[in-house]
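Report on the following structure.
In my numbering, the protein residues as written are 36 to 607.
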């Protein structure tokens, strides 16, 4: 029967809906016939934790998670359906003794997977505890042991009272696994777990490579974390090892003023995060202490900046671009970068199109290096060029070492680091052409205090590496879209107003009439003052010339650059 045509049925339907929602708002449990859906949530008895549906960041999908009630951002400490997002029309209910999440099509996407042989749907209840632990109890049983608990299946966060350990009977582990990105809670590449063989905690990349360890437990603390002693007044750690299990757990000694926990971050660091109402979540402690010490933190063909103040720790090397710009925006750099231009394989040094090398100073030695016989730098370079698998080399007091395959774990070291080396990155010859004018204008910019945006502009004006200049900058300026000249991966480094000012000044600097070009002192004033009035540039004559001829060879040679570029471009 259609409820729309029957007011009594319609009233009954809405009353049941209201009563059902009321039973969950403010409640701490889900019982038979209860449904958790939409904006409804359950809250632990003392209003510490809340469970419901949330969207991480600007993501469109929803996840079932648990978060601190005071945290309006809903930073999750546990996620049920990490790999299968749902819509807000999804429902969480008890079915056959299990807590089951159904999507909008009423298909199950997540379940507690309990055997229903010893329980019935009527006797099962899911309760959110003040510890943040979601438990399933059998109300008909006298046992205090829950049938299931979320602490047994952690996601990325380690809450007080939860165990990080190994069950010797079932041979299962409680492992913390990072999110893939800030907006994607699906399992990432980094995980933290207990090594029950030597009673230590280690962090791992892709479940295969360990890159940090706590050192063994000495009865009071882990030998590799001496700062645990300084935090003894706030934390009490307990290590247990018996015939059934080995685990480490902790409690907070001052829960009234401290709100924090540990989690494995998307960066691959194990962090201790604190929450304050006036400042939200902040990182108090992390290991490894430097993010560049995380294994493959930036993926392939990227440089990790060891300066902890850097907002963009990972940068693609010259000649490379992010495999996924979207992931990089969300701080997931693990996908690394791809080479824009193919290399010339196995050619000799006499070939004019031979690959060349970008020299990078103050670098750490990357992975995949092996020694080669060479008496000087040139011979080491030749060895690399003859090897199709060689992507770079280093030559110094230790001799010649070449990099084969992908360039991984490359780090820009801080000044004075004893590990500093000079690395030569192999690139296609064409990658260097556009840099000729860049080098000349870099000198000019230093003379009159220009900004990095102007340098970028001039490299565009002078043709992006082609033999003749391009009209791209003028066209974009005319359309008020000059800011789009910057690739999406680099936009965050630039202030749009500053960049547009630099574009205007750059166009003024190349006006056909010398009287229309600003002097060096005026350029300094234009770039250094936000209030200085700037004239509007005219279309440069060389651009008009290009549009009148379909043959670039007909253009005047006077617009070409005579600057020289050595075979190695320096970057440091």
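From the three backbone atoms N, C-alpha and C, an ideal C-beta is built for every residue, glycine too.
Going by DSSP, what residue range makes up the beta strand (DSSP E) through residue i?
i: residue 446; result: 445-447
i: residue 508; result: Taken as a continuous stretch (DSSP letters only), residue 508 belongs to no beta strand (DSSP E), being part of the alpha helix (DSSP H) at 507-513.
i: residue 404; result: 404-407
i: residue 459; result: 456-462
i: residue 275; result: 270-276
i: residue 100; result: 98-103
i: residue 160; result: 159-163
i: residue 327; result: Per DSSP, residue 327 belongs to no beta strand (DSSP E) and is neither H nor E.
i: residue 130; result: 126-130
i: residue 545; result: Unbroken run through residue 545: none, as it is neither H nor E.
i: residue 87; result: 84-89
i: residue 113; result: 111-114
i: residue 379; result: First-last for residue 379: undefined, no H or E at that position.
i: residue 173; result: 169-173
i: residue 350; result: 349-351
Quick one: what's residue i bridged to in DSSP?
i: residue 239; result: 226 and 245
i: residue 309; result: 295 and 317
i: residue 372; result: 357
i: residue 322; result: 305
i: residue 143; result: 137
i: residue 435; result: 407 and 430
i: residue 208; result: 201
i: residue 71; result: 127
i: residue 340; result: 447
i: residue 280; result: 202
i: residue 121; result: 97
i: residue 286; result: 271
i: residue 192; result: 298
i: residue 184; result: 170
Taking only the alpha-carbon atoms, compute the straight-line gap between residue i and residue j and give it to the nearest angstrom.
i: residue 208; j: residue 224; result: 17 Å
i: residue 391; j: residue 271; result: 57 Å
i: residue 260; j: residue 194; result: 19 Å
i: residue 148; j: residue 421; result: 57 Å
i: residue 77; j: residue 87; result: 7 Å
i: residue 554; j: residue 299; result: 55 Å
i: residue 82; j: residue 166; result: 11 Å
i: residue 358; j: residue 302; result: 17 Å
i: residue 72; j: residue 138; result: 10 Å
i: residue 329; j: residue 295; result: 23 Å
i: residue 407; j: residue 433; result: 11 Å
i: residue 436; j: residue 411; result: 12 Å
i: residue 415; j: residue 429; result: 8 Å
i: residue 105; j: residue 79; result: 12 Å
i: residue 534; j: residue 544; result: 15 Å
i: residue 388; j: residue 190; result: 51 Å
i: residue 427; j: residue 460; result: 4 Å
i: residue 431; j: residue 453; result: 14 Å
i: residue 211; j: residue 136; result: 22 Å
i: residue 84; j: residue 334; result: 36 Å
Following the continuous alpha helix (DSSP H) through residue i, name the residue where it begins and the one where it ends.
i: residue 363; result: 360-364
i: residue 263; result: 262-265
i: residue 416; result: 412-420
Within the 8 Å Cβ cut-off, does residue i reach chain C?
i: residue 390; result: In the structure shown, chain C cannot be found, because there is only a single protein chain.
Taking C-alpha atoms, which residue in the options lies nearest to residue i?
i: residue 141; options: 409, 215, 70 and 459; result: 70
i: residue 216; options: 84, 324 and 367; result: 367
i: residue 352; options: 93, 515, 171 and 458; result: 458
i: residue 456; options: 445, 161, 278 and 312; result: 445
i: residue 571; options: 512, 520 and 317; result: 512
i: residue 448; options: 418, 423 and 348; result: 348
i: residue 317; options: 293, 335 and 331; result: 293
i: residue 162; options: 460, 182 and 145; result: 182
i: residue 365; options: 393, 75 and 92; result: 92
i: residue 537; options: 550, 569 and 547; result: 569
i: residue 202; options: 275, 417 and 519; result: 275
i: residue 289; options: 282, 269, 333 and 297; result: 269
i: residue 117; options: 108, 133, 131 and 89; result: 89
i: residue 120; options: 94, 232 and 376; result: 94
i: residue 75; options: 277, 123 and 413; result: 123
i: residue 273; options: 233, 198 and 84; result: 198
i: residue 573; options: 561, 557, 541 and 558; result: 541
i: residue 96; options: 221, 107, 425 and 184; result: 221
Using a threshold of 7 Å, is the CB atom of residue i nearer than that to any non-hydrogen atom of the ligand PLP?
i: residue 221; result: As for the ligand PLP, it is missing from this structure, which has no ligand bound.
- Query: Do the segment 173-186 and the segment 259-266 meet, that is, are 3 or more Cβ pairs less than 8 Å apart?
  - Reply: By the Cβ rule, the segment 173-186 does not count as touching the segment 259-266, because fewer than three pairs are nearer than 8 Å.
- Message: Is it the case that the segment 305-312 contacts the segment 334-343, given that we only count it when at least three CB pairs across the two stretches are under 8 Å?
- Response: Inter-segment contact for the segment 334-343 and the segment 305-312 is absent: fewer than three beta-carbon pairs are separated by less than 8 Å.
- Item | Meets three-Cβ-pair contact criterion under 8 Å: the segment 112-126 and the segment 92-100 | With a cut-off of 8 Å, the segment 92-100 and the segment 112-126 count as touching, because enough Cβ pairs lie within range.
- Sufficient close CB pairs (3 or more, under 8 Å) joining the segment 65-73 to the segment 118-128: The answer is yes - the segment 118-128 touches the segment 65-73, with three or more Cβ pairs under 8 Å.
- Message: Can you confirm whether the segment 425-443 touches the segment 395-412 when touching is taken to mean that 3 or more C-beta pairs between the two stretches lie within less than 8 Å?
- Response: A contact exists between the segment 395-412 and the segment 425-443.
- Does the count of Cβ pairs from the segment 245-256 and the segment 156-172 closer than 8 Å reach three? Taking 8 Å as the limit for Cβ pairs, the verdict is that the segment 156-172 does not touch the segment 245-256.
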